[in-house]
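Okay, so here's the structure we're looking at.
There are 2 protein chains.
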Amino acid sequence: MNELTINLRPQDHMPLYEQIYVYIKREIQNGKIVCGEKLPSTRALAGYLEVSRSTVELAYEQLLSEGYIESEPCRGYFAAQIEGMYHIGQPKQTQGDEAQVSEKRYLYDFTPNGVDLKSFPYRAWRKLSKDILTDDRTELFRLGDPQGEYGFRNAICHYLYQARGVNSSPEQVIIGAGSDYLLMLLCAVLGREHVIAVENPAYKQAYRLFCSQSYEVVPIEMDQYGMKVEKLRRESANIAYVTPSHQYPTGVIMPMKRRMELLRWAGEKEDRYIIEDDYDSEFRYKGKPIPALKGYDAMEKVIYLGTFSKSVAPAIRLSYMVLPGPLLERYRKNCRFLNSTVSKVDQLIVQRFIEEGYYERHLNKTRSLYKSRHDVLLQGLKPLSGRCRILGEHAGVHLLLEFSGEVSEAELIEKAERERIRVYGLSDYIIRECGREKPTVLLGYANLTEEQIREACRILCRIWKK
Amino acid sequence: MNELTINLRPQDHMPLYEQIYVYIKREIQNGKIVCGEKLPSTRALAGYLEVSRSTVELAYEQLLSEGYIESEPCRGYFAAQIEGMYHIGQPKQTQGDEAQVSEKRYLYDFTPNGVDLKSFPYRAWRKLSKDILTDDRTELFRLGDPQGEYGFRNAICHYLYQARGVNSSPEQVIIGAGSDYLLMLLCAVLGREHVIAVENPAYKQAYRLFCSQSYEVVPIEMDQYGMKVEKLRRESANIAYVTPSHQYPTGVIMPMKRRMELLRWAGEKEDRYIIEDDYDSEFRYKGKPIPALKGYDAMEKVIYLGTFSKSVAPAIRLSYMVLPGPLLERYRKNCRFLNSTVSKVDQLIVQRFIEEGYYERHLNKTRSLYKSRHDVLLQGLKPLSGRCRILGEHAGVHLLLEFSGEVSEAELIEKAERERIRVYGLSDYIIRECGREKPTVLLGYANLTEEQIREACRILCRIWKK
């Protein structure tokens with residue numbers, strides 16, 4: 000039992016403790032860990048896996064509560080007798096995930112959803128958190144403004160004006176615990192009688208969200224400028240969800256002309272709106288930043304969505320939405336009674352984080368970090384230039400490799416997998432096939448060091464060059 | 000300008016800084032504060048109003064950003080020239096609120112939504128928060144489990160088992176940023192094809208939420224045992240939202256017989272469910288606590304909702320929901336992709352708050368505090384015993400006074416208002432009149448001291464005795 004070689008995937012959707020839990024559970028179910036066998040101490044396993052002790056404790060706690068292991072005072076943890084145990088049915092997906100945990104072991108994971116957490120400003124965060132909890136007392140624990148605290152909304156407006164060319168007032172801003180929540184709230188503001196157009200390929204999270212809210216969702220074809228407005232016109236959709244600053248997943252930056260076309264489309268009918276999800280606009284490595292679509296929204300047609308999850312940390316459940324006038328009125332009439340989903344403490348921390356300059360410094364730091372990784376990746380992929388072309392570079396935290404002919408996407412992914420490299424197929428993001436798709440893989444670089452990118456590129460070039 | 004006698008209502012929906020902002024804005028608009036007049040310093044005003052300085056700063060910041068006041072370095076704040084200013088349209092409700100702030104000045108506010116924040120365990124909270132931010136690092140800022148952290152869900156299950164007789168597993172628990180959010184999530188899990196029954200009079204927040212989610216909502220008549228199941232049977236509703244442990248607002252505790260009837264109704268058809276909102280079950284001052292309805296849910300028909308907003312502090316945006324088997328599967332299939340709305344830090348704080356015994360101690364403390372206030376209120380209302388009867392006592396944080404004939408509810412409220420006492424009319428909670436309503440007022444006592452209750456009761460008895 001000294002060799003619990005669990006291959007942890009920190010970027011994975013499944014939290015680390017759960018990966019450990021799932022792995023050990025499986026080993027017990029498979030009989031690889033036999034009844035009565037002693038497990039390593041939480042301290043030892045934490046040290047071995049390089050995770051915090053509380054992570055291992057959580058995993059053991061879950062195993063204990065489900066009866067897979069037993070704890071003997073002063074002696075430690077032991078695998079239990081598992082026959083006849085009561086099980087709560089596990090969903091099918093989890094079974095699939097389990098298989099992944101024990102079977103797939105990745106050395107390099109090019110997830111497009113990564114964030115570099117090593118550069119997170121822990122000290123500043125701790126300091127702000129401590130200051131806020133010391134400064135204030137009862138006021139901090141009273142129910143706050145449903146839209147979010149005024150001062151925080153004000154700080155966001157200043158930021159949006161300077162960084163994104165968006166002219167908004169705090170009255171228009173709504174704070175929420177993540178973009179998923181804000182989209183749900185937006186659905187309640189809009190009502191149910193709408194058809195929503197999404198880009199194809201799409202940011203699946205938003206697509207699935209609209210489906211879960213019972214909307215009719217229509218995928219709209221893209222070209223190199225983004226969503227095709229003439230295709231949009233052929234559909235009955237009255238709301239278009241777009242990611243113009245760096246389309247997810249294709250990385251397309253929508254040029255001004257297409258933006259104007261889209262705004263014109265929205266202006267033609269009263270109930271048409273554009274949802275602009277500006278999820279990673281903070282990261283741009285070349286040329287002058289393009290202001291947000293919302294910056295040109297003279298007719299009050301654009302709903303703007305921004306987030307701190309990408310630019311600060313995924314666990315910061317803090318996003319914001321700027322509503323145009325007509326929807327603001329509807330929000331106030333129908334939805335303002337809904338309580339805020341973000342604690343005042345968190346709002347104050349991020350407000351001071353912005354106001355005291357930490358946010359800008361943090362953005363500059365991660366931007367330069369990501370730019371270096373981006374450059375190293377481009378350099379490392381050069382040997383493949385005859386085989387494929389690079390798309391969606393110079394912005395965000397991922398790029399795409401489009402291969403011409405012969406090889407299939409599945410083959411590319413499988414070859415990488417055999418070398419324990421995880422890459423992502425574009426077809427996962429396609430909602431409706433149009434028959435002209437070329438094999439394309441996504442490579443995210445926020446979560447890998449330059450050295451890791453170099454090494455992984457050497458391998459990818461070798462195996463993909465044919 | 001030395002007499003900014005702003006009558007702050009700490010229990011109000013509108014945050015304190017906004018009350019200050021609205022008051023000063025009005026004084027400027029009315030010309031009571033004239034152009035060029037100097038405002039008190041933030042420090043002075045904070046001291047005078049007994050609020051934190053940052054509260055006043057927020058109010059001034061908002062006034063500054065809207066151009067009502069101007070700041071001169073080293074000299075302070077001055078009322079600005081307001082003619083020709085650009086205004087963003089304010090919603091009608093705010094206008095109403097403004098009127099309240101400056102015109103209604105309450106000495107005693109019997110809000111039924113109060114929480115005693117003086118007893119909030121600030122030191123423990125600060126300590127836990129500090130420990131957690133020091134202990135852990137990157138792991139804490141990674142995206143967490145969509146359902147909430149396992150260890151926290153586990154702690155909630157233990158609590159529910161001991162305190163509410165609910166047998167659940169962490170797999171069934173979903174953590175969310177407040178009950179409003181969890182109800183929205185539940186709507187996505189359930190889908191749109193349902194008719195929802197609510198108690199009449201109702202907890203308006205839930206009623207409005209279901210309406211905002213485009214459901215047909217039917218109010219069901221109540222008797223002294225809660226929702227009438229025979230009336231429910233006459234409607235097409237397949238989901239019943241109830242508050243059996245202490246009905247909001249009538250305070251009715253649903254007896255076992257009615258609970259069984261309700262469970263039987265749900266068991267008769269596959270798509271029938273009961274939503275049990277156990278919002279203030281922690282507070283009960285007489286007799287043995289009745290286990291939650293969920294404790295008898297052998298047929299997996301009850302969705303259980305609990306919250307820390309009532310029992311810890313309103314700004315703690317943390318509630319939880321226990322799903323029965325069939326809905327858990329639907330959640331996993333359709334909604335598990337939705338990210339958690341609560342930060343890991345907050346989850347860990349509350350988890351340790353529970354596990355290290357702070358929660359139980361805090362509950363015991365507030366329970367005994369509220370019980371004393373409850374007893375003082377009952378004692379203070381005795382002189383009215385010929386005029387009205389008391390309902391809904393012995394649990395929660397409010398009770399009701401039902402008057403027999405002659406006097407109208409509006410009259411009772413108005414009389415109290417003239418003495419600067421705020422009481423709440425039951426008719427505000429009624430969705431559909433049945434014609435037999437008696438004039439009834441709600442008195443909440445969580446937010447008033449015993450002395451305040453005694454004094455307010457003396458006045459109420461005098462003015463309501465006729």
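Taken in sequence, the protein lines are chains A and B. Reminder that position 238 of the first sequence reads as 237 in numbering that gives the first Met the number 0, one-by-one numbering, no gaps. Reminder that position 147 of the second sequence reads as 146 in numbering that gives the first Met the number 0, one-by-one numbering, no gaps. Here a beta-carbon is modelled for each residue, glycine too, at the ideal position from N, C-alpha and C.
Requested in this report: Starting from V375 (chain A), trace the alpha helix (DSSP H) both ways and give me its first and last residue.
Outcome: What you label residue 375 (chain A) is simply residue 376 of the first sequence in a count that begins at 1. First-last of the alpha helix (DSSP H) with V375 (chain A): 357-380.
Query raised in the report: Counting only beta-carbon atoms, is G143 (chain B) nearer than 8 angstroms to chain A?
Result: Here the question's residue 143 (chain B) lines up with position 144 in the second sequence. Yes, G143 (chain B) lies at the interface with chain A (some Cβ there is under 8 angstroms from its Cβ).
Requested in this report: Give the secondary structure of Y175 (chain A) by DSSP, where H, G and I count as helix, E and B as strand, and everything else as coil.
Outcome: Position 176 of the first sequence, counting from 1, holds the residue named residue 175 (chain A). A small correction: the amino acid at residue 175 (chain A) is Gly; Tyr does not occupy that position in the sequence shown. Strand at G175 (chain A).
Query - Beta-bridge partners of A239 (chain A), as assigned by DSSP - result: Counted from its first residue, the first sequence places residue 239 (chain A) at position 240. According to DSSP, which records beta bridges pairwise, A239 (chain A) is partnered with A:A196, A:I273.
**Report entry** Within chain A, partners of E315 (chain B) - CB distance below 8 angstroms
**Finding:** In the second sequence, counting from the first residue as 1, residue 315 (chain B) sits at position 316. Looking at the sequence shown, residue 315 (chain B) is not Glu but Ile. Near I315 (chain B) (Cβ distances below 8 angstroms), the residues of chain A are F140, S342.
Query raised in the report: Are A239 (chain A) and L261 (chain A) closer than 8 angstroms when you measure CB to CB?
Result: Taking the first sequence and counting its residues from 1, the one referred to as residue 239 (chain A) is at position 240. Taking the first sequence and counting its residues from 1, the one referred to as residue 261 (chain A) is at position 262. Yes, these two residues count as a Cβ contact at 8 angstroms.
Report task. Tell me where the alpha helix (DSSP H) around A78 (chain B) begins and ends. Result -> Reading the second sequence from its first residue, position 79 is the one you call residue 78 (chain B). Unbroken run through A78 (chain B) is the beta strand (DSSP E), 75-78; no alpha helix (DSSP H).
Query raised in the report: Which two residues bound the contiguous beta strand (DSSP E) that contains T306 (chain B)?
Result: Looking up residue 306 (chain B) in the second sequence gives position 307. From DSSP, the beta strand (DSSP E) with T306 (chain B) extends over 301-306.
Query - Interface residues of the region 51-65 of chain A facing chain B [CB-CB below 7 angstroms] - result: S51, S53, T54, L57, E60, Q61, S64
Requested in this report: Can you give me, in chain order, the residues of the region 14-37 of chain B that have a beta carbon less than 9 angstroms from any beta carbon in chain A?
Outcome: P14, L15, Y16, E17, Y20
Query raised in the report: Quick one: is D270 (chain A) buried, meaning 16 or more other Cβ sit within 10 Å of its Cβ, or exposed?
Result: Looking up residue 270 (chain A) in the first sequence gives position 271. By the neighbour-count rule (16 or more Cβ atoms within 10 Å), D270 (chain A) is not buried but exposed.
**Report entry** Within chain B, the residues that G113 (chain A) reaches when beta carbons sit closer than 9 angstroms
**Finding:** Counted from its first residue, the first sequence places residue 113 (chain A) at position 114. Within chain B, no residue comes near G113 (chain A); the closest Cβ sits about 10 angstroms away, beyond 9 angstroms.
Query raised in the report: Along chain A, which residues have their Cβ under 7 angstroms away from the Cβ of K129 (chain B)?
Result: On the second sequence, residue 129 (chain B) is found 130 positions in, with the first residue counted as 1. Within chain A, the residues near K129 (chain B) are K129.
Report task. Kindly confirm or deny that the region 151-169 of chain A and the region 193-209 of chain A touch, where touching means at least three C-beta pairs closer than 8 angstroms. Result -> no
**Report entry** Proximity below 8 angstroms, CB of L208 (chain A) to CB of M183 (chain A)
**Finding:** Here residue 208 (chain A) is taken as the residue at index 209 of the first sequence, counted from 1. Here residue 183 (chain A) is taken as the residue at index 184 of the first sequence, counted from 1. Yes, the Cβ-Cβ distance between L208 (chain A) and M183 (chain A) is below 8 angstroms.
**Report entry** Own chain partners of S167 (chain B) with C-beta closer than 7 angstroms, once the 5 adjacent residues on each side are dropped
**Finding:** Taking the first residue of the second sequence as position 1, residue 167 (chain B) is located at position 168. C156, L159, V321, listed in sequence order.
Query raised in the report: What separation, rounded to the nearest whole angstrom, lies between the Cα atoms of Y295 (chain A) and F282 (chain A)?
Result: As a first step, residue 295 (chain A) is located in the first sequence; it is residue number 296 there, counting from the start. As a first step, residue 282 (chain A) is located in the first sequence; it is residue number 283 there, counting from the start. Each residue's Cα considered, the two are about 21 angstroms apart.
Query raised in the report: So T54 (chain B) and Y22 (chain B) are in contact, right, with Cβ under 8 angstroms, and what is the actual spacing, rounded?
Result: Position 55 of the second sequence, counting from 1, holds the residue named residue 54 (chain B). Position 23 of the second sequence, counting from 1, holds the residue named residue 22 (chain B). Actually they do not touch by this definition, with Cβ atoms about 13 angstroms apart.
Query raised in the report: DSSP state of I315 (chain B), grouped into three classes?
Result: The residue labelled residue 315 (chain B) in the question sits at position 316 within the second sequence. The answer is coil: DSSP assigns I315 (chain B) none of H, G, I, E or B.
Requested in this report: Could you check if Q378 (chain A) is buried or exposed, using at least 16 other CB atoms within 10 Å of its CB as the buried criterion?
Outcome: Taking the first sequence and counting its residues from 1, the one referred to as residue 378 (chain A) is at position 379. Counting Cβ neighbours within 10 Å, Q378 (chain A) comes out exposed, since fewer than 16 surround it.
**Report entry** DSSP-derived helix/strand/coil call for G324 (chain A)
**Finding:** For the purposes of this step, residue 324 (chain A) is taken as residue 325 along the first sequence, with counting starting at 1. Reduced to three states, the DSSP call for G324 (chain A) is helix.
Query raised in the report: Roughly how many whole angstroms lie between the Cα atoms of S426 (chain A) and T439 (chain A)?
Result: Locating residue 426 (chain A) in the first sequence gives position 427, where the first residue counts as 1. Locating residue 439 (chain A) in the first sequence gives position 440, where the first residue counts as 1. C-alpha separation (whole angstroms): 8 angstroms.
**Report entry** Within 8 angstroms, strictly: CB atoms of D115 (chain A) and N446 (chain A)
**Finding:** If you number the first sequence from 1, residue 115 (chain A) lands on position 116. If you number the first sequence from 1, residue 446 (chain A) lands on position 447. Cβ distance < 8 angstroms, so D115 (chain A) and N446 (chain A) count as in contact.
Query raised in the report: Shorter than 8 angstroms from the beta carbon of F109 (chain A) to some beta carbon of chain B?
Result: Mapped onto the first sequence, residue 109 (chain A) falls at position 110. No, because no Cβ of chain B sits closer than 8 angstroms to the Cβ of F109 (chain A).
Report task. Output the residue ranges of the alpha helix (DSSP H) runs that lie fully inside the region 127-167 of chain A and measure 4 residues or longer, sorted by chain position. Result -> 137-140, 149-163
**Report entry** Extent of the continuous beta strand (DSSP E) to which S70 (chain A) belongs
**Finding:** By 1-based counting over the first sequence, the position of residue 70 (chain A) is 71. Start and end: 68-71.
Requested in this report: Along the beta strand (DSSP E) that carries F402 (chain A), what are the first and last residues, could you check?
Outcome: Reading the first sequence from its first residue, position 403 is the one you call residue 402 (chain A). That run of the beta strand (DSSP E) goes 397-402.
Query raised in the report: What separation, rounded to the nearest whole angstrom, lies between the Cα atoms of G177 (chain B) and N338 (chain A)?
Result: Counting from one through the second sequence, the residue named residue 177 (chain B) turns up at place 178. Counting from one through the first sequence, the residue named residue 338 (chain A) turns up at place 339. Cα-Cα distance, rounded: 8 angstroms.
Query - R461 (chain A) versus K414 (chain A) - alpha carbon distance - result: Counting from one through the first sequence, the residue named residue 461 (chain A) turns up at place 462. Counting from one through the first sequence, the residue named residue 414 (chain A) turns up at place 415. Rounded to whole angstroms, R461 (chain A) to K414 (chain A) spans 10 angstroms at the Cα level.
**Report entry** Beta-carbon proximity check, A58 (chain A) vs Y20 (chain A), cutoff 8 angstroms
**Finding:** Translated into positions along the first sequence, residue 58 (chain A) becomes position 59. Translated into positions along the first sequence, residue 20 (chain A) becomes position 21. Closer than 8 angstroms, so yes.
Query raised in the report: What residues from the region 164-190 of chain A come within 9 angstroms of chain B, judged by C-beta to C-beta, listed N to C?
Result: S168, P169, E170, Q171, G175, A176, G177, S178, D179, Y180, M183, L184, C186, A187, V188, G190
Requested in this report: Going by CA-CA distance only, name the one from B:V50, B:E359, B:L442 that's closest to Y423 (chain B).
Outcome: For the purposes of this step, residue 423 (chain B) is identified with residue 424 of the second sequence, where counting begins at 1. The candidate whose alpha carbon is nearest that of Y423 (chain B) is B:L442.
Query raised in the report: Which of the three DSSP states, helix, strand or coil, is assigned to Y284 (chain B)?
Result: Taking the second sequence and counting its residues from 1, one reaches residue 284 (chain B) at position 285. In this structure, Y284 (chain B) counts as coil in the three-state DSSP scheme.
Query raised in the report: Exposed or buried, which one is G385 (chain B) when buried takes at least 16 other CB atoms within 10 Å?
Result: Here residue 385 (chain B) is taken as the residue at index 386 of the second sequence, counted from 1. Result: exposed.
Query - Residues of its chain near P290 (chain B), where Cβ-Cβ distance is below 8 angstroms and the 5 sequence neighbours each way are ignored - result: The count along the second sequence starts at 1 and reaches residue 290 (chain B) at position 291. Counting only Cβ-Cβ distances below 8 angstroms, and skipping sequence neighbours, we find R163, G164, V165.
Report task. Compute the Euclidean distance between the alpha carbons of E450 (chain A) and P9 (chain A), then round it to the nearest angstrom. Result -> Along the first sequence, one-based indexing puts residue 450 (chain A) at 451. Along the first sequence, one-based indexing puts residue 9 (chain A) at 10. About 18 angstroms.
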